[in-house]
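What follows is a set of notes on a single structure, which appears directly below.
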Amino acid sequence: MKKNYIFKFALFLIPASAFILLSFSSGRNNGFSGSPGDGGNNCTACHTGTASNSNMTITTNIPVTGYAFNKQYDVTITNSDGRVRNGFQVTAEKDSDNSRVGTFIATTNETQAVNSSQRITHTSNGNGQSSWSFKWTSPSSDVGKITFYGASVSGNGSGSSGDQVYLGKSTSTPSLSIAEANRLDFKSFPNPARDRITIQLSSESDETRVEFYDNLGKLALAQKITSTNNKVDVNNLSSGIYILKVISDNKIGTQKFIKR
């Protein structure tokens, strides 16, 4: 009689285990990104092994000058160990207090935004890959520097044992907002322009650096000007919208510039 109970219990465990594994294959809503805001919790909560700070990268197309407000950016997490079945979770947090910021958007059926879109994870369709891309919408106001955190599991396809978990984070990213004490006031004209523009500072400076960044955050043009030579040739810039950044006397100013 006792053997029958054991046999029935074993039969019960088979579908129950399958259900649990199937559920995990579609990602988790809980906080398992390995971030400070998640208390360091990661995929080892469900998979055996020790988390390693290797084999995982998080990259974005946020410009080095910082994120603009309420704008979508591309984010990619890559697990270079990638085995048979893999998964991930990513979140974004303020450096100052580790609260979650911005919202995530799934762009394919291989990822899904969860937890009120404050996290993003894989779906069962995304288990067979080791790199996932999606979008993140920045906050509508300045929250200071932010960092993306992520955890990724490389599975062997035979349950949670024998899997490997990796942790990683992006570089800390500032906003385009500049503290009032370090803000540089300047005028640029004409704007829009085709050939040349004039940079007029609120105070004279011996040397000023002018930079133009395209919509991907790539530096497209850089030039030094002075109070007596304050014109910039923009003729070689492609038509489009740029962030015009002016640096002078340890102060920074930015404006939108349109090249015709």
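Residues -18 to -1, 1 to 242 (mature numbering (1 follows the signal peptide of the UniProt record, and there is no 0)) make up the sequence shown, in order. Ideal Cβ positions, reconstructed from N, Cα and C, are used throughout, including at glycine. Computed from a prediction, not measured in an experiment: that's the story for all the values here.
Nonlocal neighbours in the same chain, by C-beta distance under 7 angstroms from residue 6, ignoring five residues either side: Low confidence applies here, because residue 6 scores a pLDDT of 49, under 50, leaving its location unreliable; read the following figure in that light. Closer than 7 angstroms at the Cβ level, and outside the excluded window around residue 6, lie 28.
Span of the beta strand (DSSP E) around residue 137: Per DSSP, residue 137 is one residue of the beta strand (DSSP E) stretching across 128 to 137.
Residue range of the unbroken beta strand (DSSP E) whose run includes residue 61: That run of the beta strand (DSSP E) goes 54 to 61.
Counterpart residues of residue 115 in DSSP-defined beta bridges: DSSP lists 58 as partners of residue 115.
Cβ neighbour criterion (16 or more within 10 Å) applied to residue 15: Counting the other Cβ atoms within 10 Å of the Cβ of residue 15 gives 16 or more, which makes it buried.
C-beta contact flag for residue 137 and residue 66 at 8 angstroms: Yes. Within cutoff.
Beta-carbon contacts of residue -3 that lie in its chain and below 6 angstroms, excluding the five residues immediately before and after: Residue confidence for residue -3 is low, a pLDDT of 41 falling below 50, so the modelled location carries little weight and cannot support an answer.
8 angstroms Cβ cutoff met for residue 117 and residue 155: No, they are not a contact pair.
Residue 114 beta carbon less than 8 angstroms from that of residue 70: Taking 8 angstroms as the Cβ cut-off, residue 70 and residue 114 qualify as a contacting pair.
Neighbour-count burial assignment, residue 201, 16 or more Cβ in a 10 Å radius: Answer is exposed; the Cβ neighbour count stays below 16.
Collapsed DSSP secondary structure at residue 108 in the structure displayed: In this structure, residue 108 counts as helix in the three-state DSSP scheme.
When 194, 210, 121 are compared against residue 239, the one with the closest alpha-carbon: The alpha carbon of residue 239 has as its nearest neighbour, out of 194, 210, 121, the alpha carbon of 194.
Backbone secondary structure at residue 4 - three-state DSSP: Confidence at residue 4 is low in this model, with a pLDDT of 39, below 50, so its placement is unreliable and no value can be given for it.
Residue 38 and residue 60 closer than 8 angstroms at C-beta: A contact, by the Cβ cut-off of 8 angstroms.
Proximity to residue 40 [Cα-Cα], best of 130, 103, 92: Relative to residue 40, the option among 130, 103, 92 whose CA is nearest is 130.
Between the CA atoms of residue 176 and residue 212 - distance to the nearest angstrom: Straight through space, the alpha carbons of residue 176 and residue 212 are spaced by roughly 16 angstroms.
CB of residue 241 within 8 angstroms of CB of residue 226, strictly: Cβ atoms of residue 241 and residue 226: not closer than 8 angstroms.
Closest residue to residue 210 among 232, 221, 180 (Cα-Cα distance): Closest by C-alpha distance to residue 210, out of 232, 221, 180, is 180.
Closer than 8 angstroms to chain C by CB, residue 227: Structure shown: chain C not included; a single protein chain is present.
Candidates 230, 81, 21, of which the one nearest residue 324 by Cα: Lying outside -18 to 242, the shown extent of the chain, residue 324 is not represented and no answer is given.
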